[in-house]
Amino acid sequence: MAEGLLPLYQYEYILPLLIGLLNCACSIAFAVTAAISEPLPGWIEGVTGPTGLMIGAARGVIRSMHCNPLYSSTVIPVDKAINGLILCGYQRAKASSQEKAPSKRNEVHFCNLCISKKALTSWGDSIETGRRFFYETPLSFSLWYPGGSIKKNYYHHLFCVIFFHYLPAYFIDFLMLISGQKPFLVNVQRKVSMGLKLLQYYTTKDWEFQNEKFQEMSSQLNAIDEEMFDTSVGQLNWETYISTYIMGMRTYILRESPSTLPYARKVLRRLYILDCVSKVLFFTLTFWFLWTHMDGFVESGDAFIRSSLSSIYHERNNTIHA
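Note that UniProt numbering has the sequence shown beginning at 1, numbered continuously upward.
Here it is, written out as structure tokens:
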């Protein structure tokens, strides 16, 4: 039998691995994302971090995100993270078995499980790539046409949250309330805001994790182990990965099979038309309101300026005579 990293089907090897994991503190990069290959390409289970952000944006709920687009997206695919955990446990157990001093056997070693910064893509590139693929593989149900953008300035982001998150949510909930239905969108936006506040702590800072120890452990593997417990992402094509990520999110989280794509694209076209009509209507009504009230605005402004100048003139005269 060819020797590999750990024949895990044999019970006697499991206990040393668990002990090794207990004596090895592993710090995983900020966000664990969909699998590259194991158990299936694009497999994902949770909706935290970037996954929840993508779902919210695809539903048309998230229109703004506070983020520096030039910073690296500190993510790691879930299969690479799990392989890294197994590798850390094995290497720590192996090192402990070779230690002669009992005190050193129980020392806790620390290891960052993360991708090298030079191999990462930026937040801006990730989000724009994801947006492009979402237009090609949309969801079957969305509240509005997916749009919006990332905001580097916090106050610009806050302005967009108020006008494009909360105001539409209150308006739609009001319509649902008067029609006898249960409102829900304001609560959704509150949860979205809480998630964005947690996320922006990481997306507005330039993180740099040291992973030399992790790379060193990976380089010590033989050919069989390296293939079985692969942790490398240096040659990863991020566009292909994000496309697979989105398809995995549709399949494994939202339970939308590829056969729903034709219907989803029809829904997206309808939402696009509705979005365009709404924008044209909004700007038309705004222009009409300003045009019809132009005389009143001019008269009010003229009266305000005359009143201000008159007050300044009288105050100046009183000061001179005093």
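Just so it is clear, CB atoms sit at the ideal spot from N, CA and C, and this is done for glycine as well.
These figures come from a predicted structure and were not determined experimentally.
Annotation: the continuous beta strand (DSSP E) that includes His-66 extends over 64 to 66. Taking one beta carbon from each stretch, the stretch 239 to 251 and the stretch 135 to 149 have 3 or more pairs nearer than 8 Å; the two touch. It is roughly 12 Å from the alpha-carbon of Tyr-154 to the alpha-carbon of Tyr-201. Boundaries of the alpha helix (DSSP H) around His-156: 154 to 160. Looking at Val-280, Trp-144, Leu-261, the one whose alpha-carbon comes closest to that of Arg-270 is Trp-144. His-66 is positioned such that its CB atom lies closer than 8 Å to that of Leu-196. Under DSSP, Pro-77 takes part in a beta bridge, and its partners are Thr-33.
Here the alpha carbon of Thr-74 sits roughly 19 Å from the alpha carbon of Ser-37. Judged by DSSP in its simplified three-state form, Ile-150 adopts strand. A contact between stretches requires three or more CB pairs, one per stretch, nearer than 8 Å, and the stretch 154 to 163 fails this requirement with the stretch 283 to 298. Closest option to Ser-149, judged by alpha-carbon separation, among Phe-229, Gly-89, Asp-275, Asn-68: Asn-68.
In terms of Cα proximity to Leu-268, the closest of Pro-258, Tyr-71, Arg-59, Glu-216 is Arg-59. In the structure shown, the three-state DSSP call for Leu-70 is coil. Closest in C-alpha terms to Gly-124, from the list Ser-72, Pro-77, Lys-213, comes Ser-72. Boundaries of the alpha helix (DSSP H) around Asn-187: 185 to 203. With a threshold of 16 other beta carbon atoms within 10 Å, Thr-231 meets it and is buried. Within the DSSP bridge table, the entry for Ser-122 names Ser-72 as partners. The Cβ atoms of Asp-79 and Ala-35 sit closer than 8 Å to each other.
Only residues of its own chain outside the window of five on either side were considered, and among them Phe-229, Asp-230, Thr-231 have a CB closer than 7 Å to the CB of Asn-83, listed in chain order.
Closest in alpha carbon position to Gln-235, among Gly-296, Ile-115, Val-192, is Ile-115.
At a Cβ-Cβ threshold of 8 Å, Phe-163 and Pro-146 do not count as neighbours. Looking from the CA of Thr-240, the closest CA among Ile-178, Gly-42, Ala-31 belongs to Gly-42. Residue environment: Lys-205 is assigned as exposed (fewer than 16 neighbouring CB atoms within 10 Å of its CB, all protein chains considered).
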